[in-house]
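Chains as they are written, first to last, in this note's numbering: chain R, 62 to 553; chain A, 62 to 553.
Idealized CB from N, CA, C, for every residue including glycine.
Taking it in order: structure first as structure tokens, then the write-up.
2 protein chains.
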Amino acid sequence: MSKEITSREQDYSQWYNDLVIKGDLADYSAVRGCMVIKPYGFALWENMRDQLDSMFKDTGHVNAYFPLFVPKSLFEAEEKNAEGFAKECAIVTHYRLKGDPEKKGKLIVDPEAKLEEELVVRPTSEAIIWNTYKTWIQSYRDLPVLVNQWANVVRWEMRTRLFLRTAEFLWQEGHTAHATSQEAIEEAEKMLNVYAEFVENWMALPVIKGVKTPNERFAGALDTYCIEALMQDGKALQAGTSHFLGQNFAKAFDVQFLTKENKQEYVWATSWGVSTRLIGALVMAHSDDEGLILPPRIAPLQVVVVPIYKGEEQKALIDEKVKALFRELKLSGIRVKYDDSDNVRPGWKFAEYEKKGVPVRIAIGARDIENNTVEIARRDTREKTSVSMDGLPVRIVNLLEEIQQDMFERAKQFRDEYITPADNWDEFVELLGKKGGFIAAHWDGTGETEDKIKELTKATIRCIPLNNEKEEGVCILTGKPSMQRVLFAQAY
Amino acid sequence: MSKEITSREQDYSQWYNDLVIKGDLADYSAVRGCMVIKPYGFALWENMRDQLDSMFKDTGHVNAYFPLFVPKSLFEAEEKNAEGFAKECAIVTHYRLKGDPEKKGKLIVDPEAKLEEELVVRPTSEAIIWNTYKTWIQSYRDLPVLVNQWANVVRWEMRTRLFLRTAEFLWQEGHTAHATSQEAIEEAEKMLNVYAEFVENWMALPVIKGVKTPNERFAGALDTYCIEALMQDGKALQAGTSHFLGQNFAKAFDVQFLTKENKQEYVWATSWGVSTRLIGALVMAHSDDEGLILPPRIAPLQVVVVPIYKGEEQKALIDEKVKALFRELKLSGIRVKYDDSDNVRPGWKFAEYEKKGVPVRIAIGARDIENNTVEIARRDTREKTSVSMDGLPVRIVNLLEEIQQDMFERAKQFRDEYITPADNWDEFVELLGKKGGFIAAHWDGTGETEDKIKELTKATIRCIPLNNEKEEGVCILTGKPSMQRVLFAQAY
């Protein structure tokens, strides 16, 4: 059955789509570029969201909710931000439909219900939030403001892909306000570390922490920190960003505060976000040609139990054994399902749960009952082992943890193999064409060179790694002097 | 400080706004009719949402996510639903802004980026969801579909009020699909019971379960079940609805399934929702002229501890005592805050937490340390008691539960006093004018009479209570025969 899935070798891009759709995570919708996140995919997102939310709260943040719409006059207040998003935003111009006088039962936009001022569907919320912070912040005692929002945002992308790039997506956006530049920078770095910790420890996906070049910064930021991950096809994926916004938004929205020294100063800002795009990264980093492979810590279902039997008598014996096991697994906090549906064969179920990436499968047959054993299959390695039923819950708990670690180690090993230095242009081009991955190369520090390299190779500077080693060299394109290597890659 | 709040007697409507704004729940925004839900208000919503979500999951439902936008052609497919919402929906017509050639730094809608088909910002999601269900449902084995969505929706209301009626609001919408009419009706009733249980046991707000008259049904439903609550000003508030949609949406979107008997049949549907409007109900049902009164089970903060001291030495002694107490309260699962901020006086803090409706305040001063006591103040009754520190956590846990029950009982007593029978028109009008509340009266069963009564008195039929007693009588307006009383009220 898993042969519904195109192999990576055959067509990597189709393989990805097959995984998302046949793994039951999401599907296309009737709205251009928007997806439906199906229950299985949404359960995965809930696990990710809940973990992130608790990490945000542990670092002192609170949630709030701001309007979906941004009046055009607010949207354009911070010029760089507005310029960055103006080309791809959904705009509400009317507030009423009316019956079409020419076609019964059809509706048309009522031209009399035109808004005086158009509303932009938020592509990001800095504008509406900083316009609100103006009323929240008067004195240093009101700072810091450490607010996060879980929300949907809309960016009218022309070429969309499920999870990776959709017109509407779900995300969280933190928006913080601080009394000093130093404190805001520390906040931006702290949240980058929270993201890295989440992606590495929960999604089993190693990341490189770095800072973006000016060309790749968020529109309106002074600095954009990022975490970059590597996909199986050698392309990089930006998994999260954290921005130091300086006083740009405070100035655009006139948000000043009275310091301890009784002076009026503009507030310092950060914003940071991760989105359902992370699910795309998860899918592409770990899965194989049989389907998804989900890390146990965030998998909606960690264990599936499948009975193998002939006749009602065998079924009854298995049911009884499973009942006790099921209770114990639940008590151990494991998300487990007993699939005893009788309309499909066990082999079909095996393929189905492999496709959905359930980390552990337990099969139990009549002979297992006799021998007091079960067969355990790991999704990640596809290894099968026959083990005793005694002490099974503890074994499963440990196995899930082992799978989590192994998945991370494998991804890290792959990633590390795919960071390659290039010392001149020919090496660079050859590496990009033949091997892919991150290429560590010298660059002269100018946006022009960066643009030129992108034009010639589609590779961009993914980041300048934090704590990058200083090393003298010459730019691979221009030969001009450079003090450090930066990481290039083709990217999603 | 609490005198910032207008009294109910002086101006009930202003009292409500003061509570919401000065109680730090929400505020107006720059977008007409949209609100900002502040961190304290959002924490309240999170507690409500999480509890509801777990009740939905316990009854077999899963979450998913569907697009924010509904293409006009889908929106108009179910005619009654479309007609019901067409007059109040936000419409996206363009997908790009561009620089205003006449004003530098300003943006205008790019006329070249007009959508071929307009998109309606979802006022409710039946259309987009049933268009999706068409691909999910083929056979009886795919049924039931029990899906819920937490989302924002937009209804372009002309007169808005914080929480009660806003252009954008947060809600959940369940959308289920069933093989039989009977099963769908049972689902609609089950979810009504879930809502009633939540509102009564968690929000401490008694409700009347009933069914709407045809006039008051959800657009596109065959039956709308509802829970109705009573506010302190004698007006009713619809707190939640659950709809039996029959096969209307299945027919509009051609969703058929193969029955066990190998026949093609249309699927049966329900939808059900509650929203941030519940917060408005909560505020109006329980609060007083000093501020909010929040039920302990959903209060963001259940206990606040305030130290009263002179000098650092006393403060240190109190800090030490509180430290142990604080840990114990946390371990008992209590949401507690120690407010030892030094820039405001204890009296100011007392007023502040009363305004925010924190159920229990613990004050601890130097004499308390000597006597091994604390002062406990209940927010709901404003009673203060001096009690021993020994066994305090257990006492607090019990007190919170007692407050929860007492709040429900008080609201129920009030509600019960305000269900009054009226046997003729004059009584009805007098009751409405002088007493308010629910009026149980006979009605001839026609929409015309209902409309006429609404026109004359602004009272509507809130519901026909479930398990209503049959009783012969005559309609208060027309004198025509009636078999049962229905509940009238003026409503939010």
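Take G121/A as the anchor and find which of M345/A, V208/A, E140/A, T221/A has the nearest alpha-carbon.
Of M345/A, V208/A, E140/A, T221/A, the residue nearest in Cα terms is V208/A.
Alpha carbon to alpha carbon, what distance is there between E261/R and W495/R?
Checking the sequence shown, residue 495/R turns out to be Lys, not Trp. When rounded, the distance between both Cα atoms is 28 Å.
Return the chain-ordered ranges of every alpha helix (DSSP H) run that is complete within the region 97-153 of chain R and spans a minimum of 4 residues.
100-119, 133-136, 140-147
Could you tell me whether the Cβ atoms of I514/A and E277/A are closer together than 8 Å?
One thing to note: I514/A has its Cβ no nearer than 8 Å to the Cβ of E277/A.
Under the assumption that F146/R contacts A280/R (Cβ atoms under 8 Å), give the Cβ distance between them as a whole number of angstroms.
7 Å
What are the boundary residues of the beta strand (DSSP E) that includes V182/R?
175-182
Other residues of its chain near P526/R: CB distance less than 6 Å, five sequence neighbours each side excluded:
For P526/R, where only same-chain residues beyond five positions count, the Cβ hits under 6 Å are I269, G271.
If we cut at 8 Å on Cβ distances, does G121/A have a partner in chain R?
no
What does F103/R reach in chain A if we use C-beta pairs closer than 7 Å?
N124, A125, Y126
Using only the alpha-carbon positions, how far apart do D467/A and M345/R sit?
55 Å
At 9 Å on the CB atoms, spell out the chain R contacts of F158/A, in chain order.
A quick correction: the sequence has Leu, not Phe, at residue 158/A. Residues of chain R passing the Cβ test: K133, F136, E137, A143, F146, A147, K148, C150, I152, E179, V181.
Using the three-state DSSP reduction, which class does D203/R fall into: helix, strand or coil?
helix
Nearest chain R C-beta to T193/A closer than 8 Å, yes or no?
yes
Please identify the residue among K519/R, T227/R, D203/R, F136/R whose C-alpha is closest to the C-alpha of V92/R.
The candidate whose alpha carbon is nearest that of V92/R is T227/R.
Measuring straight from C-alpha to C-alpha, what distance separates F314/R and S200/R?
16 Å
Could you tell me the alpha carbon to alpha carbon distance between A342/A and V383/R, rounded to whole angstroms?
47 Å
Take the Cβ of W409/A as the centre, count every other Cβ of all protein chains shown within 10 Å, and call the residue buried at 16 or more, exposed below.
exposed
Unbroken beta strand (DSSP E) runs of length 3 or more, entirely within the region 246-311 of chain A: which are they?
You should have 269-272, 284-291, 297-307.
Let's test the definition: count the other Cβ atoms within 10 Å of the Cβ of E187/R and tell me whether it reaches 16, buried, or not, exposed.
buried
In three-state terms, what does DSSP make of A412/R?
A412/R: helix per DSSP, three-state reduction.
Whole-angstrom distance between R456/R and E462/A, CA atom to CA atom:
Each residue's alpha carbon lies about 41 Å from the other.
Which bits of chain R does L353/A rub up against, with CB to CB less than 8 Å?
The premise fails here: L353/A is roughly 17 Å from chain R at the closest Cβ pair, so nothing lies under 8 Å.
Name the chain A residues that come within less than 7 Å of I98/R, Cβ to Cβ?
Those within 7 Å of I98/R in chain A are A125, Y126.
Could you work out which residues of chain R lie near E107/A, taking near to mean beta carbons separated by less than 8 Å?
N124
Looking only at its chain, what residues have a beta carbon closer than 8 Å to the beta carbon of S90/R, apart from the 5 residues adjacent to it on each side?
M96, V97
So P454/A and R440/A are supposed to be a Cβ contact under 8 Å. How far apart are they, rounded?
That pair is no contact at about 19 Å.
C-beta neighbour in chain A for A280/R, strict 8 Å:
no
Mind listing the chain R neighbours of G166/A? Cutoff is C-beta to C-beta under 8 Å, in chain order.
The contacting residues are E137, E140.
Of the choices T434/R, D512/R, D349/R, whose alpha-carbon is the least far from that of E70/R?
D349/R
Secondary structure at D349/R, three-state DSSP: helix, strand or coil?
strand
I'd like the list of long-range same chain contacts for L283/R, defined as Cβ closer than 6 Å, with 5 residues on each side in sequence excluded.
F305, G307
Which residues in chain A have a C-beta closer than 8 Å to the C-beta of R202/R? List them in chain order.
N404
Counting only Cβ pairs nearer than 7 Å, list the residues of chain A close to I359/R.
What I359/R touches in chain A: nothing, since even the nearest Cβ is about 15 Å away.
Short Cβ contact (8 Å threshold) for Q545/R with K531/R:
yes
Contact criterion: CB-CB distance below 8 Å. Does H155/A meet it with respect to chain R?
yes
Is the beta carbon of T320/R less than 8 Å from the beta carbon of A249/R?
no
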